[in-house]
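Taking UniProt numbering, the leading residue of the sequence shown gets 1, the next gets one more, and so forth. Note that CB positions come from ideal geometry on N, CA and C, so glycine has one too. A short write-up of the structure that comes next.
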Amino acid sequence: MNKNNFFDQASGLRQMSNNKKVKVIAVSGGKGGVGKTNVTLNMAVALAAQGKRVMVLDADLGLANVDVLLGLRVHKNISHVISGECTLDDILIEGPNGILIAPATSGTRSMVELSRQEHAGLIRAFGELKTPIDVLLIDTAAGISEMVLSFCRASQDILMVVCDEPTSITDAYALIKLLSKEHGVHRFKIVANMVRSLREGQELFTKLTRVTDRFLDATLELVACIPFDNCVRQSVRKQRVVVDAFPKAPASLAFRALASKAATWPVPNRAGGHLEFFIENLFENKARVED
């Protein structure tokens, strides 16, 4: 693909993004098991209840679990979009409160190791999306892989989910460090998950900021403390989200408060980068190789 074609595509995607004003939020955390997917899905359902058109991208492309947590049957997934068999609109499945889910595949190594061209093809698919959405929530994989970094740096807001475990704090710090030092991302919104009290959540946030303030050029904001709640575990067993299964549970109230707060976060006038970023980055990397 020549240079002009790349920038023609990037321009078209940028225009689409500006026209649609889609709010793009990546939910990450570094460590697995901190509750990223639960945070993503409960936010999505709560935002939909507020009248937002919400889409969830299961960006754990090799170990998908969003559809499993909701008990949904998947016929086609992201791999079929990347291979060109269908469009992104074709794979969307409807979840609770009408949220839309772009499911990934599970147990497929090739999806974890997408080529640059395949990655760009996935992002182009978003540029061609016909289904109108207001909010795109990206449930990233665990770890600090290039795929996780790409989805995070291409989002307008990054929600970093942490819990009160040393490994959770260490891994969240590692991801924040990489994004801030190597990719120019300096603002992070922190969700203290599964905490016993508001004070515990604030202390967890303090533990994290104590090291980021000392060593990194990064600004952290505590946006939610989600209480430890047995209703969450019960809802997972029912393959439902807690805001739907137990609407009055403490965790449900916290998730709805987080969703209300997220709904007020501004969408930048410039494109958020979630579409054209990958195309331009692909060209830049390709140009370096050819030089």
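Sixteen is the threshold: when 16 or more other Cβ atoms of the shown chains lie within 10 Å of the Cβ of residue 227, as they do, the residue is buried. The residue among 237, 260, 131 and 142 with its C-alpha nearest the C-alpha of residue 34 is 142.
Residue burial is scored here from C-beta neighbours: residue 230 has fewer than 16 other C-beta atoms within 10 angstroms and is therefore classed as exposed. The secondary-structure analysis by DSSP pairs residue 194 with nothing; it has no beta-bridge partner.
Here residue 71 has 239 as same chain residues with Cβ atoms under 6 angstroms from its own Cβ, once five neighbours each way along the sequence are excluded. For residue 82, there is no enclosing beta strand (DSSP E); the residue is part of the alpha helix (DSSP H) that begins and ends at 78-82. In the same chain as residue 97, and ignoring 5 residues on each side of it, the C-beta atoms closer than 6 angstroms to its own belong to 45, 48 and 49, in chain order. In the three-state reduction of the DSSP assignment, residue 52 falls in the coil class.
Around the beta carbon of residue 266, fewer than 16 other beta carbons lie within 10 angstroms, which makes this residue exposed. Rounded to whole angstroms, the separation of the alpha carbons of residue 186 and residue 203 is 22 angstroms. Proximity of the region 218-227 to the region 142-155 falls short of the contact definition, fewer than three beta-carbon pairs being nearer than 8 angstroms. Boundaries of the alpha helix (DSSP H) harbouring residue 252: 250-263, taken from the DSSP string. Taking a 10 Å sphere around the C-beta of residue 198, we find fewer than 16 other C-beta atoms and assign the residue as exposed. Judged by DSSP secondary structure, residue 172 falls within the alpha helix (DSSP H) whose first and last residues are 166-183.
In this structure, the beta-carbon distance from residue 89 to residue 130 falls below 7 angstroms.
Put simply, of 84, 135 and 101 the residue whose alpha carbon is nearest the alpha carbon of residue 22 is 135.
The beta carbon of residue 235 lies closer than 8 angstroms to those of 241, 242, 244, 245 and 246 in the same chain, with the five residues before and after it left out.
In the DSSP assignment, residue 150 falls within the alpha helix (DSSP H) that extends over 146-153.
Here residue 248 is exposed. Its C-beta has fewer than 16 other C-beta atoms within 10 Å. Closest option to residue 55, judged by alpha-carbon separation, among 38, 24 and 121: 24. One thing to note: residue 138 has its Cβ no nearer than 7 angstroms to the Cβ of residue 224. Here DSSP, grouped into helix, strand and coil, assigns residue 105 to coil. Looking at the DSSP output, residue 136 bridges to 24 and 55.
Taking the C-beta atoms as reference points, residue 27 is found no nearer than 7 angstroms to residue 178. Secondary structure of residue 86 (DSSP, three-state): coil. Secondary-structure assignment with DSSP links residue 188 through a beta bridge to 220. Spanning the alpha carbons of residue 37 and residue 66 requires a straight line of approximately 7 angstroms.
By alpha-carbon distance to residue 192, the top candidate from 180, 104, 208 and 183 is 208.
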